[in-house]
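The block underneath contains the structure these notes are about, expressed in structure tokens.
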Amino acid sequence: MKTFGIEFVPMKLYWRTTYYSIQAEKVGYDNIWITDHFNNRNVYVSLSVIANYTDSIKLGPGVTNPYLVHPVMTAQSVASLNEIAPGRVLCGIGAGDRTTLEMVGKEMERPLRTVRESVEIIRRQLAREKGEYAGRKFSTTAGARFNFKVEDEIPIYVGAQGPRMLQLAGEIGDGVLINASHPKDIEEAVKQVRKGAEKAGRNIDYIEVAAYTSFSVAEDEKSARKPVVPVVAYIVAGSPKVILERHDIPAEKAEKIRTDLAGRNWGEAFGAVDQEMIDSFAICGTPDQCVEKIENLFKKGITQFVTGTPVGPTVRGSINLFGEEVLPHFKETN
Amino acid sequence: MDYREMVKSIPLTIRRPISEKLIDVLLEAKEGKKVPSSICKHILYYWNRDKLHSELGLMNLLKAVELADPKEANIVLAEFNLCYVKLTSSPDN
Numbered sequence: 003m004k005t006f007g008i009e010f011v012p013m014k015l016y017w018r019t020t021y022y023s024i025q026a027e028k029v030g031y032d033n034i035w036i037t038d039h040f041n042n043r044n045v046y047v048s049l050s051v052i053a054n055y056t057d058s059i060k061l062g063p064g065v066t067n068p069y070l071v072h073p074v075m076t077a078q079s080v081a082s083l084n085e086i087a088p089g090r091v092l093c094g095i096g097a098g099d100r101t102t103l104e105m106v107g108k109e110m111e112r113p114l115r116t117v118r119e120s121v122e123i124i125r126r127q128l129a130r131e132k133g134e135y136a137g138r139k140f141s142t143t144a145g146a147r148f149n150f151k152v153e154d155e156i157p158i159y160v161g162a163q164g165p166r167m168l169q170l171a172g173e174i175g176d177g178v179l180i181n182a183s184h185p186k187d188i189e190e191a192v193k194q195v196r197k198g199a200e201k202a203g204r205n206i207d208y209i210e211v212a213a214y215t216s217f218s219v220a221e222d223e224k225s226a227r228k229p230v231v232p233v234v235a236y237i238v239a240g241s242p243k244v245i246l247e248r249h250d251i252p253a254e255k256a257e258k259i260r261t262d263l264a265g266r267n268w269g270e271a272f273g274a275v276d277q278e279m280i281d282s283f284a285i286c287g288t289p290d291q292c293v294e295k296i297e298n299l300f301k302k303g304i305t306q307f308v309t310g311t312p313v314g315p316t317v318r319g320s321i322n323l324f325g326e327e328v329l330p331h332f333k334e335t336n
Numbered sequence: 043m044d045y046r047e048m049v050k051s052i053p054l055t056i057r058r059p060i061s062e063k064l065i066d067v068l069l070e071a072k073e074g075k076k077v078p079s080s081i082c083k084h085i086l087y088y089w090n091r092d093k094l095h096s097e098l099g100l101m102n103l104l105k106a107v108e109l110a111d112p113k114e115a116n117i118v119l120a121e122f123n124l125c126y127v128k129l130t131s132s133p134d135n
């Protein structure tokens, strides 16, 4: 089954993000992912409001990270959200964004170990498992157990881009959020997820594989391409060496963009994004162009396509366009 | 400003298209933060129920756009030949 998610970065007034979330539910999206960065509105406040004003769409952080939020707090947050929206909660967790972690003096230490233990702790908390957890990054005592029961399953998606994190996602995730938009990257990513799944004796068919893309749809191609530039800048800045090499992007160019973003030199950073970078790291174009690109990604093994920021030149217009002219190619809609 | 009377004067047949245009104004308005949270929550309530074009939905929309961008909202109303329904700019706008 092909499912569709939409990502919102809570940069806008809460009621605008919520309006678009209601709209996403109406046009037929299955999931809403809200990003978690300290310089935007709080992810769980945003999700709570959305949960209150929607009826069936699934929702969750996409993704939180264990360097800034202890996994017991993530477990608490998604469990509490589940009381507002029973059976509708998802949990996306990953190593985070190196650029933004560095802004607050946090180093991305041992990301694989940190994410693995975080997922284990979140699952233990949600299941109210008794006893201690003694990991290498985190530990909990018996007293850390929830005082309330969580009635529903909350699938945990691992956010991943590099090969080892993708393998980890295959090993332990209910789903994986692949930070990629290009078929080459998705194909390679799915291969790594499968490798990790097989290592753990799991079948990849039971893992939700989501392409978490930078997306933009508009009536004409030029209008669709322009809004993705800032997002592509961040993606280039945060991409591992192996990804940059795959797309022939010099490491120095990516590092310069990263430095400019960290220093809030937006003009410099965005000005360095070229058309090849857009084609490598975004899905954008007219509805027909987007249908073709999305179909290509499903053929490479994804089961969920996420329309990430910016969605389009105007969010409302582009969500409507997506619902009317893209989604019907893939599923029956309202 | 009697918003109820304003809405009553809008023909039923054009209430849905007007609500679509007014929500566009509201979502793009630079002064969106001037709209109190209470009005926003009403708008979300009616939007969730596909009732933004109802009498109460439109009342809340008009209150909101009058604060957020009355100039643009009046243009929309004029497009629907509703020049007699005029939102006032506050000194801050």
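Top line first, the protein sequences correspond to chains A and B. Everything in the first sequence is counted per the working numbering, starting at 3 for the first residue and increasing by one. Everything in the second sequence is counted per the working numbering, starting at 43 for the first residue and increasing by one. All C-beta atoms, glycine included, are put in the ideal place defined by N, C-alpha and C.
Residues of the stretch 107-127 of chain A whose Cβ lies closer than 9 Å to any Cβ of chain B: none. The shortest CA-to-CA distance from T5(A) to any of T305(A), V328(A), P312(A), P330(A) is the one to T305(A). Assignment of L92(A) by DSSP, reduced to helix, strand and coil, places it in the coil class.
Annotated three-state conformation of P73(A) is helix, per DSSP. With the rule of 3 Cβ pairs closer than 8 Å, the stretch 260-277 of chain A counts as touching the stretch 98-116 of chain A. Put simply, the stretch 82-95 of chain A touches the stretch 56-69 of chain A. At least three CB pairs are less than 8 Å apart. In this structure G303(A) is not in contact with V178(A), their Cβ atoms being roughly 11 Å apart against a cut-off of 8 Å. In the three-state reduction of the DSSP assignment, F272(A) falls in the helix class, which pools H, G and I. Distances from the alpha-carbon of G172(A) to those of E153(A), Q127(A), R204(A), I188(A) put R204(A) closest.
In terms of beta-carbon proximity, N123(B) stays away from the interface with chain A, with every pair separated by 8 Å or more. Inter-segment contact for the stretch 136-143 of chain A and the stretch 155-171 of chain A is absent: fewer than three beta-carbon pairs are separated by less than 8 Å.
The alpha carbon of T311(A) has as its nearest neighbour, out of D222(A), I296(A), T215(A), the alpha carbon of T215(A).
L61(A) is outside the set of residues whose beta carbon lies under 8 Å from a beta carbon in chain B.
As computed with DSSP, L329(A) is found in no beta bridge at all. When rounded, the separation of the alpha-carbon atoms in Q25(A) and P315(A) is 16 Å. At least one C-beta of chain B is nearer than 8 Å to the C-beta of R18(A). One alpha carbon belongs to L119(B), the other to C125(B), and they sit about 6 Å apart. Residue Y21(A) holds the alpha-carbon nearest to the alpha-carbon of D92(B) among Y21(A), D250(A), V71(A), V230(A). Residue contact with chain B for L49(A): absent (no Cβ-Cβ distance below 8 Å to any residue of chain B).
At a beta-carbon threshold of 7 Å, the residues of chain A lying near K75(B) are L15, ordered along the chain.
Between V160(A) and V211(A), the C-beta spacing is not below 8 Å. Taking C-beta atoms as the reference points, L94(B) and L103(B) count as a pair closer than 8 Å. Close to N90(B), with beta-carbon spacing below 8 Å, are these residues of chain A in chain order: I24, Y55, T56, D57. Within the stretch 308-319 of chain A, T316, V317, R318, G319 place their CB atoms closer than 9 Å to a CB of chain B, listed in sequence order.
Secondary structure within the stretch 95-133 of chain B: the alpha helix (DSSP H) runs of 4 or more consecutive residues, fully enclosed, are 97-110, 112-121 (chain order). When C-beta atoms of the stretch 72-81 of chain A are compared with those of the stretch 146-158 of chain A, three or more pairs fall below 8 Å, so the two segments count as touching.
A direct Cα-to-Cα measurement between E278(A) and V117(A) gives close to 32 Å. Sequence-distant partners of G133(A) (beyond 5 residues in either direction) whose C-beta falls short of 7 Å from its own C-beta, in its chain, are A144. Interface flag for Y21(A) against chain B is set, since a Cβ pair is found closer than 8 Å. Here I34(A) is bridged, per DSSP, to I8(A), L61(A). Interface criterion met: the Cβ of L69(B) is under 8 Å from a Cβ in chain A. When only Cα atoms are considered, V47(A) and V107(B) end up about 25 Å apart. Using beta-carbon distances, D111(B) does not count as an interface residue toward chain A, since no partner is under 8 Å. Within chain A, the residues R318 have their CB atoms less than 7 Å from the CB of D66(B), given in chain order.
When DSSP states are grouped into helix, strand and coil, Q306(A) belongs to the strand group. Its chain contains P73, V74, A77, Y135, G137, F140, T142 as the residues whose beta carbon lies nearer than 8 Å to that of I123(A), once the 5 sequence neighbours on both sides are disregarded; these appear in chain order.
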